[in-house]
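Chains as they are written, first to last, in the working numbering: chain G, 379 to 694; chain Y, 8 to 966. Cβ coordinates follow ideal geometry from the N, Cα and C atoms, glycine included. None of these values were measured; they are calculated from a predicted model.
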């Protein structure tokens, strides 16, 4: 009996375990057989664009990143934004800086600077510039289960969830079948009128890891999620969330290779998420033409409060 | 016996097997549809949709939700242990110390140290809610309530809800929004960690100006509720945290699933009570629970229906002298009930629990008719010595005409209800008429046939079977001497006394502009109208009313006026839009909609401030509360804790008064634009809340929103006054800045497109241009609107209809006048009873819109006794050659006794109506019983007296 229990424990430890607290930007491309934690960390690496010194999504003509939120049977709400992520900050103790400016709608001119610290125990800092009162306000890091921008994505989905927050189990390899999901019949606005919002079918036939990640928090909004992660690029194409045995949400991510040596160097083409209970959908569509990686920006100290205050004033 | 009656009887006897087979088949067929009964108690569907209050309420609920709010309160007990001390307290508050009445709600007695110690409990007032077990209990309840079917988890408001946040500053001075309690609950193993978590919760909830008043109870030492930020609010010695509340929201689908849902809810609450009931008061209320519990209570009390039925069986057995006389008539009555219930299911009509009256009335009335026909059968069989089947034929032939006449008048009582545009009035009308009609076949025809088909032994002549009992003979003799002698003053005096008492109660001689009978309150106290005072549901509701700011919802939809907010259509970029077409580009153009206008926001703020200062309104909420919080967080200087000074709408006036924070030090001349600030904050809220979080308060187009409020009284007089005060407030402010830019509520003549149903409703002209409100307060006021018209009109129409029909049936306007005059006496007696209940504030018994139906129904049923009496008097006068005294005594001995038996059967049938926790069925039972008892007394005394005095030809002949 004792031996049986021991074997079960050893076998389980091969498949599941606790991920390391920090994922290094220098995380090497893996080789050989991978554990569940290895896959989770590699995927984290990809989603945080650690292959790039910086990653930006700007504006080119009418083309710009659009976040489209749509409740079931309703007209969509569209937000357009620019974003610049710096993975090689010069300031001490800073891991990354992320600058975002909203370009339209009620938030037009609102800027946000997010600072991620090297000390993983330290929360991220959020600075928001509100043009109507000409003030910058600092906010503490939001909760991981809070909605990101009113969307179907949580802050955890987008940036805050770390491998240590979950217990991972590799369910094996599989072949991804079919295209990714996409928001259909999008009512176009000025910025999305010419956007090619089409389902990404390049995923069909790709070999993927099936990674089951169980939330470590009790009573979390999902019990576990299953991600389909490319075995070569470690980009996650699809994540299915389960609560009480029922699937509650799906997030699909379309990836575009940056063409660098590191197979993990890819960036987002679009995100599409849907909450199954409500039918609410979110689509973050990033035109390929507006994406820049490892760009040399002219402005000195671009990722600063000063930029945050100054830049939106140029937006009319 | 006329030819038609003879032919009908002969036909029925000749085709008896076919009739029986058809009845059996039809009963089984209709019985199949009983499973489809849709009993949902939905007050939204009861009233006419064109009523301005109903339309406002429907629009508010369909557009913004929160139509099915359930509240569960957890209050730490001051009295722990003992022999159920809270039960004692609940019983104690039933009695007013001065009048001794148990029904006065104005000064409920709370749990006191004396009550506690008298019950052997320990008086412990030192603890507050900030204990791990208490907080974790609330969190578990939240999770369980969200897990219930039909829940809208996103709309839940309580300390465990994701969207309810701690708002403060972080260590580095940044603004912080965090859950009030960790997702995993308060730590139960490490006291230090738990202490930190509880301190976080305490600060987060007690400093939140929007949520603290709604979601927690702080209580002063005298047991009174502390209001947010009042003196001593932050001092635990003065105001101690004693309770938390969960405000849950459920989808409309719950209405078609009430019984399973409420069973799960009760199980959930019982589980909490079993584990924590010794230390925590767990109280539950809210529309879906309240309405579903009515159905639950009826189902739980199934045994009352069984007892009632057995009493009827026993009564029939006694009256009809054997089991045959009991079982055979009841086969027909039960068939009628099954067929009528089946029709209700088949038509999928949305019913209320009040419809339980219909089967019980069918039982009572059907049995009453059965008594008449079975006694007649036995009389024919045992007196004349004829064969059973011949006796059955003669019984049918002799009773079918008066039975038809009586049933027609029963149907008239129901029929006149169909003119009132209230769904359950119509349900009573349609199904009542149908049920009554079937009695003609199932009971008055089938009962004697069955008796004759299974007659038993020695059926030829048995005088004992027809001989009147001693009681019947005694009653007939006594009443005859009363009517014919000086003692007639007794029934006359009783009538005079009844009328005088009713006149005093109704104050009919002190009419006002608003009411011809000011003593009769026609407004409704919904909770008391639904449940009895000492019902579980009402005890919980009253207690929640004490510890929460209010429990009766009111909503006021707000919509930008087209002239001010034209709301251009969104620009289309797919080539379909003609060049030059005016349109709105959400990316380029300034935001449109009233809720992007600072002055409109300030007007809503002023309205909410006024409402909160109203003595009958406890709490309000609207989108501006979100806006005010954002303003407070954004404008409080960095590093400081959020300052309530800035918990305000940033309109032009407020900005100019606070330029120290709104100004730009680098640009002293710059003054921010109020509308831009509001728009910017709206954008922040839109992008930083979960999908649907704001939808309950502001519509997606930003041109419509709603003020939600909670009224702290259910007293119909006070709720009516509250509505009037709200209407006057909007009248006084209609030209003020901001107020004049939007429409508040809906008014006469407005046309509304209902968001969910897609119906277009044009509001009927109510003769006023005042603003209508929605919510339960609106529904309450709508019933007032309807009731103040119908409480006189509806029964008078019934009386008129009965007069006409009686005149046609008897060919005698005089007979019709005699019958109708007695009905008017009965009606006035019912008004008197309603006024009495009003005077003692028994809001289960006043004549509100739900009990008004009893006036018409009782009128239709009550006239039956007079019809049977007059028919029999005529028959006896013919048989005795015009000997009045003999005819009267014979009539009283036969028909009079049957009438008396009918009323006993009716009262037995009403046992379930009177004995459950439901007040509406109780009130219907009381009013109908009162009326029928008066009608029986009048039928046995006053009607013969009037017949004797006025000597109508129908009875006395042409001589």
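Helix, strand or coil: how does DSSP classify residue i here?
{"i": "residue 879 of chain Y", "result": "helix"}
{"i": "residue 450 of chain Y", "result": "coil"}
{"i": "residue 593 of chain G", "result": "strand"}
{"i": "residue 542 of chain G", "result": "helix"}
{"i": "residue 416 of chain Y", "result": "helix"}
{"i": "residue 53 of chain Y", "result": "coil"}
{"i": "residue 543 of chain Y", "result": "helix"}
{"i": "residue 698 of chain G", "result": "Past the boundaries of the shown model lies residue 698 of chain G; chain G is included only from 379 to 694, so the question cannot be answered."}
{"i": "residue 210 of chain Y", "result": "helix"}
{"i": "residue 887 of chain Y", "result": "coil"}
{"i": "residue 42 of chain Y", "result": "helix"}
{"i": "residue 114 of chain Y", "result": "In this prediction, residue 114 of chain Y has a pLDDT of 38, which is less than 50 and means its spatial position is unreliable; nothing more can be read from the coordinates."}
{"i": "residue 15 of chain Y", "result": "helix"}
{"i": "residue 528 of chain Y", "result": "coil"}
{"i": "residue 608 of chain G", "result": "strand"}
Where DSSP assigns a beta bridge to residue i, which residues make up the other side?
{"i": "residue 415 of chain G", "result": "Answer by DSSP bridge pairing: none, since residue 415 of chain G is not bridged."}
{"i": "residue 711 of chain Y", "result": "Y:566"}
{"i": "residue 391 of chain Y", "result": "Paired residue(s): none; residue 391 of chain Y is not in a bridge."}
{"i": "residue 516 of chain G", "result": "G:505"}
{"i": "residue 162 of chain Y", "result": "DSSP output for residue 162 of chain Y lists no bridge partner at all."}
{"i": "residue 532 of chain G", "result": "G:525"}
{"i": "residue 447 of chain G", "result": "G:455, G:660"}
{"i": "residue 59 of chain Y", "result": "According to DSSP, which records beta bridges pairwise, residue 59 of chain Y is partnered with nothing at all."}
How about residue i and residue j: are their beta carbons less than 7 Å apart?
{"i": "residue 685 of chain Y", "j": "residue 794 of chain Y", "result": "no"}
{"i": "residue 840 of chain Y", "j": "residue 486 of chain Y", "result": "no"}
{"i": "residue 710 of chain Y", "j": "residue 600 of chain Y", "result": "yes"}
{"i": "residue 847 of chain Y", "j": "residue 872 of chain Y", "result": "no"}
{"i": "residue 665 of chain G", "j": "residue 441 of chain G", "result": "yes"}
{"i": "residue 2 of chain Y", "j": "residue 340 of chain Y", "result": "Chain Y is shown from 8 up to 966; residue 2 of chain Y falls before or after that span and cannot be answered."}
{"i": "residue 561 of chain Y", "j": "residue 782 of chain Y", "result": "yes"}
{"i": "residue 824 of chain Y", "j": "residue 408 of chain Y", "result": "no"}
{"i": "residue 455 of chain Y", "j": "residue 380 of chain Y", "result": "yes"}
{"i": "residue 893 of chain Y", "j": "residue 901 of chain Y", "result": "no"}
{"i": "residue 558 of chain G", "j": "residue 470 of chain G", "result": "no"}
Just to make sure I have the definition right: I need the residues of chain G whose C-beta is within less than 9 Å of the C-beta of residue i. Which are they?
{"i": "residue 684 of chain Y", "result": "508, 510, 511"}
{"i": "residue 584 of chain Y", "result": "The premise fails here: residue 584 of chain Y is roughly 11 Å from chain G at the closest Cβ pair, so nothing lies under 9 Å."}
For a contact meaning CB atoms closer than 8 Å, what does residue i contact in chain A?
{"i": "residue 574 of chain Y", "result": "Among the protein chains in the structure shown, which are G and Y, there is no chain A."}
Would you say residue i touches the ligand SAH, meaning its beta carbon is less than 6 Å from a heavy atom?
{"i": "residue 411 of chain G", "result": "With respect to the ligand SAH, the structure offers nothing, as it holds no ligand at all."}
Going along chain Y in order, which residues have a C-beta closer than 8 Å to the C-beta of residue i?
{"i": "residue 482 of chain G", "result": "593, 594, 595"}
{"i": "residue 457 of chain G", "result": "694"}
{"i": "residue 453 of chain G", "result": "577, 707"}
Can you pull the chain G residues whose beta carbon is under 7 Å from the beta carbon of residue i, in chain order?
{"i": "residue 635 of chain Y", "result": "The contacting residues do not exist; residue 635 of chain Y stays about 15 Å from chain G at best."}
So residue i contacts chain Y; which residues on that side make the cut at Cβ distance below 7 Å?
{"i": "residue 494 of chain G", "result": "Going along chain Y, no residue has its Cβ under 7 Å from residue 494 of chain G, so there is no contact; the nearest lies around 15 Å."}
Could you list which residues in chain G have their beta carbon closer than 8 Å to that of residue i, in chain order?
{"i": "residue 182 of chain Y", "result": "515, 516, 517, 518"}
{"i": "residue 200 of chain Y", "result": "Going along chain G, no residue has its Cβ under 8 Å from residue 200 of chain Y, so there is no contact; the nearest lies around 15 Å."}
message: Three or more C-beta pairs under 8 Å: does that hold for the stretch 417–432 of chain Y against the stretch 331–347 of chain Y?
response: no
Open item on the list: Across the stretch 928–938 of chain Y and the stretch 324–336 of chain Y, are there enough close Cβ pairs to call them in contact, namely three or more that are closer than 8 Å?
Closed with: no
ask   = Below 8 Å, can you find three or more Cβ-Cβ pairs linking the stretch 739–755 of chain Y to the stretch 559–573 of chain Y?
value = yes
task: Evaluate contact between the stretch 456–471 of chain G and the stretch 434–441 of chain G, counting only Cβ atoms and requiring at least three cross-stretch pairs below 8 Å.
output: Touching, yes, given that three or more Cβ pairs across the two stretches are closer than 8 Å.
Segment contact, 8 Å Cβ cut-off, at least three pairs: the stretch 531–550 of chain G with the stretch 583–593 of chain G:
Yes, the stretch 531–550 of chain G touches the stretch 583–593 of chain G.
Worksheet item: Given 8 Å as the limit, is there contact between the stretch 195–206 of chain Y and the stretch 165–180 of chain Y, that is, 3 or more CB pairs closer than that?
Response: no
ask   = Does the stretch 25–44 of chain Y touch the stretch 720–728 of chain Y, meaning 3 or more C-beta pairs lie closer than 8 Å?
value = no
_With three or more C-beta pairs closer than 8 Å as the rule, is the stretch 924–934 of chain Y touching the stretch 297–312 of chain Y?_
yes
Between the stretch 527–535 of chain G and the stretch 657–677 of chain G, are three or more C-beta pairs nearer than 8 Å? Output reads yes: the stretch 657–677 of chain G touches the stretch 527–535 of chain G.
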